[in-house]
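Student: A single structure is presented below for examination.
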Amino acid sequence: MAKRRVSTRNTVVPNGLSEDEINSSDSEDEMIKVTNALRVELNMSDRSSTNNSEESSSKESESEENESEENESEESESEEKVENNNRKSKKRKTLHWTKRNFVTPAADFGDNLPPPPDNDELEPIDYFLLYPNKPVRISETEMAQFIGILMMTGIYAFPEQRFFWSSTTRVECISSVMSRDRFLEIKKYLHVADNSVQLDRDDPNFDRAHKVRPLLNIIKENFRTISKEEKLSVDEQIIPFKGRSIMKQHMPNKPNRWGYKMFLLAGGESGICYDFVFYTGKGNKQEHGFCTDIVLDPCETVPRFINHKLYFDNYFTTIRLQVELKKLGIFSVGTVRPNRLLDLTMKTAKDLSSNGRGAMDHRVTEVEGVELCVTRWYDNNVVNCLSTLHGCQPIDSVQRWSSKEKKHVLITRPNVIKAYNEHMGGVDLVDIGKCVVVVPTPLFTIKTFEKECYVFIIFSY
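Residue numbers (our numbering): 5 to 465.
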């Protein structure tokens, strides 16, 4: 049987077979294998063509979507432009104002309100009932605890009183006695005067310190019962305060420049306060002048004609003051300002400085039967003293530092200067005996209360 030759002119040769292999295949099995391979090849080519067509169709759809979105955005922009153009094209309605009478419309209020209360018929208790609150009931024990806490605040340097109850700065001896809210409540409602008996400001007897006057009078009466020593001193004291008050004084040369001023009569050696004057301003009643009257006031309870000695500085010293004190049987010594010494001729500061440190001069005069002695002494500067008790004699020596010689030197000193330096610091001893109580408050009632309580406790102890 003759072998049939297969023509490969129009036949697709599968991958992996050559034309010679196809021609050399003599059996039908080989032909079947070739046809199957061709079919597989055709199927694979069909699949690749379908995938390509799908990809191209998806790309076409995406491009169509993008084109549609662009068209929509262009359409919306065109619509907005059209609307804007239409708005611009429309004309705003103009308001036509005319000059004519305005007719008041009927505007009667339709609700019925109760009539206002008649305040003339109300009592103080009626106003109190309008704002009900828990009544503040303070016992005598709580008041003693409150004053004790005020005294303890002077030991700790806290800027605020709330720190004594704070968790980080708690002070057990204070926080265990009274709670913070109770302490602040007592401090808030603390009053020592009855406002119902307060005089009008236009009254000539109006007292600017009426808020604390009952407390001051109680302390003053107790101080006056103390037996007074021989040597006394008068000086001013400041209650620090920077709030708003007509009684507040400004003293730029003092450690506490702002505050209330008090004039104290204290023991020259013990520092015990015997009397004081709370200064509220210059009054209309001045018999001998301010400086004289302010010293004579606390000296009212000083026993007469038993030869007490009183010392004060140049703020108070006048010839009239020392004459009035001598008439009461009280000797006095004080530094004096030169302009208060009338018709005085003695060595000048230049003359004394030429003689060196320790140079002195004195003059004596008599006013209304009272003998006065003026002593001028030169140390680093000139010091003038006026006295009804001491003069230059006896003269002693005192040690001073000489910056020129770089060593201590002895200079002469009159007796009046020695006595003044020894007994003038009584009020300073009062200030040393107390400590600062921190009461940050704009109310002068609280400041005065804590100040007087502290002084009272120190002297009673």
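For every residue, glycine included, the Cβ atom is placed at its ideal position computed from N, Cα and C.
Whole angstroms are fine: how far does the CA of valine 238 sit from the CA of glutamate 409?
Tutor: Using only the alpha carbons, I get a separation of about 38 angstroms.
Student: If you compare alpha carbons, which of His254, Phe227 and Met255 is closest to isoleucine 276?
Tutor: Out of His254, Phe227 and Met255, Phe227 has the C-alpha closest to the C-alpha of isoleucine 276.
Student: Rounded to whole angstroms, what's the CA-CA distance from valine 386 to arginine 380? Just pull it up for me.
Tutor: If I take the Cα positions, the gap works out to 7 angstroms.
Student: Give the secondary structure of lysine 286 by DSSP, where H, G and I count as helix, E and B as strand, and everything else as coil.
Tutor: If DSSP states are grouped into helix, strand and coil, lysine 286 belongs with coil.
Student: Would you identify the three-state DSSP class for isoleucine 153, choosing helix, strand or coil?
Tutor: Note: isoleucine 153 maps to helix in three-state DSSP.
Student: What's the C-alpha gap between arginine 367 and alanine 423?
Tutor: Roughly 18 angstroms between the two C-alpha positions.
Student: Assign isoleucine 298 to one of two classes, buried (16 or more other C-beta atoms within 10 Å of its C-beta) or exposed (fewer than that).
Tutor: So isoleucine 298 ends up on the buried side.
Student: Less than 7 angstroms between C-beta atoms, sequence neighbours within five positions excluded: which residues of the same chain meet that for serine 296?
Tutor: Looking at the sequence provided, one finds threonine at residue 296 rather than serine. So the qualifying residues of the chain are Thr322, Arg324, Leu325 and Glu328.
Student: Take valine 413 as the anchor and find which of Asn419, Val420 and Trp405 has the nearest alpha-carbon.
Tutor: Comparing Cα positions, the closest option is Trp405.
Student: Check each candidate in Lys258, Lys232 and Gly360 and name the one with the smallest Cα separation from proline 307.
Tutor: Among Lys258, Lys232 and Gly360, the Cα nearest to that of proline 307 belongs to Lys232.
Student: With a cut-off of 8 angstroms, do at least 3 Cβ pairs link the region 142-161 to the region 169-182?
Tutor: Cβ pair count under 8 angstroms is three or more, so yes.
Student: Since lysine 1 sits in a beta bridge, which residues does DSSP pair it with?
Tutor: Here the chain comprises residues numbered 5 to 465, so residue 1 is not present and cannot be evaluated.
Student: Using 8 angstroms for Cβ pairs, my map puts arginine 468 next to methionine 251. What's the rounded Cβ distance?
Tutor: The first residue shown for the chain is 5 and the last is 465, placing residue 468 beyond what the model contains.
Student: Just the C-alpha distance for leucine 268 and proline 119, rounded to the nearest angstrom, thanks.
Tutor: Taking the straight line joining both Cα atoms gives about 58 angstroms.
Student: Between which two residues does the alpha helix (DSSP H) harbouring serine 391 extend?
Tutor: First-last for serine 391: 386-391, but that is the beta strand (DSSP E), not the alpha helix (DSSP H).
Student: Let me make sure I understand the geometry here. Which of Glu240, Leu332, Ala197 and Lys97 has the alpha-carbon closest to that of arginine 219?
Tutor: Note that residue 219 corresponds to leucine in the displayed sequence, not to arginine. It is Ala197 whose Cα lies nearest to the Cα of leucine 219.
Student: Give every residue of the same chain whose Cβ lies closer than 8 angstroms to the Cβ of histidine 292, excluding the five residues on either side of it in the sequence, and list them in chain order.
Tutor: Result list for histidine 292: Leu300, Arg324, Leu325 and Glu328, in chain order.
Student: Quick check: the Cα distance between phenylalanine 187 and histidine 195, rounded to an integer number of angstroms?
Tutor: Looking at the two C-alpha atoms, the distance is approximately 14 angstroms.
Student: Taking the continuous alpha helix (DSSP H) assigned at cysteine 303, which residues delimit it?
Tutor: Element bounds for cysteine 303: n/a, residue is neither H nor E.
Student: Do leucine 376 and phenylalanine 335 have their beta-carbon atoms positioned less than 8 angstroms apart in this structure?
Tutor: Result no, Cβ atoms of phenylalanine 335 and leucine 376 do not sit closer than 8 angstroms.
Student: Using a 10 Å radius around the Cβ and a threshold of 16 neighbouring Cβ atoms, would you call alanine 110 buried or exposed?
Tutor: Alanine 110 comes out exposed.
Student: Give every residue of the same chain whose Cβ lies closer than 8 angstroms to the Cβ of serine 28, excluding the five residues on either side of it in the sequence, and list them in chain order.
Tutor: Here serine 28 scores only 49 on pLDDT, less than 50, and its place in the model is too uncertain to base an answer on.
Student: Please go through the same chain and pick out, in chain order, the residues whose beta-carbon is closer than 6 angstroms to the beta-carbon of phenylalanine 320, but skip the five residues on each side of it.
Tutor: Cys295 and Val299.
Student: Taking the Cβ atom as the reference point for each residue, do lysine 258 and tyrosine 283 lie within a distance shorter than 8 angstroms?
Tutor: No, they are not a contact pair.
Student: Can you tell me the Cα-Cα spacing of phenylalanine 167 and phenylalanine 245, whole angstroms?
Tutor: C-alpha separation (whole angstroms): 21 angstroms.
Student: Let me know the secondary structure DSSP gives histidine 195 once reduced to three states.
Tutor: Looking at histidine 195 - three-state DSSP - the assignment turns out to be coil, as it is neither helix nor strand.
Student: For my contact list, glutamate 234 and lysine 313 are in at a C-beta cut-off of 8 angstroms; report their separation, rounded to the angstrom.
Tutor: About 6 angstroms separates the two Cβ atoms, so the contact holds.
Student: Going by the CB atoms, is the gap between valine 281 and tyrosine 315 shorter than 8 angstroms?
Tutor: Against a cut-off of 8 angstroms, the Cβ pair of valine 281 and tyrosine 315 comes out as no contact.
Student: I'd like the span of the alpha helix (DSSP H) that includes cysteine 177, first residue to last.
Tutor: It spans 176-179 - the alpha helix (DSSP H) in which cysteine 177 sits, taken as one unbroken run.
Student: Which word fits asparagine 425, buried or exposed, when buried means at least 16 other C-beta atoms lie within 10 angstroms of its C-beta?
Tutor: The residue in question, asparagine 425, is exposed, as its Cβ has fewer than 16 Cβ neighbours within 10 Å.
Student: In whole angstroms, give me the CA-to-CA distance for proline 208 and arginine 261.
Tutor: If you take the alpha carbons of proline 208 and arginine 261, they lie about 30 angstroms apart.
Student: Given a cut-off of 8 angstroms, decide if valine 431 and cysteine 389 are closer than it, judged by their beta-carbon atoms.
Tutor: No, the pair does not count as a contact, with Cβ atoms beyond the cut-off.
Student: For isoleucine 142, count the other beta carbons within 10 Å of its own beta carbon; 16 or more makes it buried, fewer makes it exposed. Which is it?
Tutor: Counting Cβ neighbours within 10 Å, isoleucine 142 comes out exposed, since fewer than 16 surround it.
Student: In chain order, what residues of the same chain lie with their CB nearer than 8 angstroms to the CB of glycine 272, ignoring the 5 residues before and after it?
Tutor: Once the five neighbours on either side are set aside, the close Cβ partners of glycine 272 are Glu233, Lys235, Leu236, Ser237, Lys313, Tyr315, Glu426, His427, Met428, Gly429 and Gly430.
Student: Residue ranges of each beta strand (DSSP E) run of no fewer than 3 residues wholly in the region 343-371, ordered along the chain?
Tutor: Segments of the beta strand (DSSP E) lying fully in the region 343-371: 364-371.
Student: Classify proline 418 as buried or exposed, calling it buried when 16 or more other Cβ atoms lie within 10 Å of its own Cβ.
Tutor: With 16 or more other Cβ atoms within 10 Å, it is buried.
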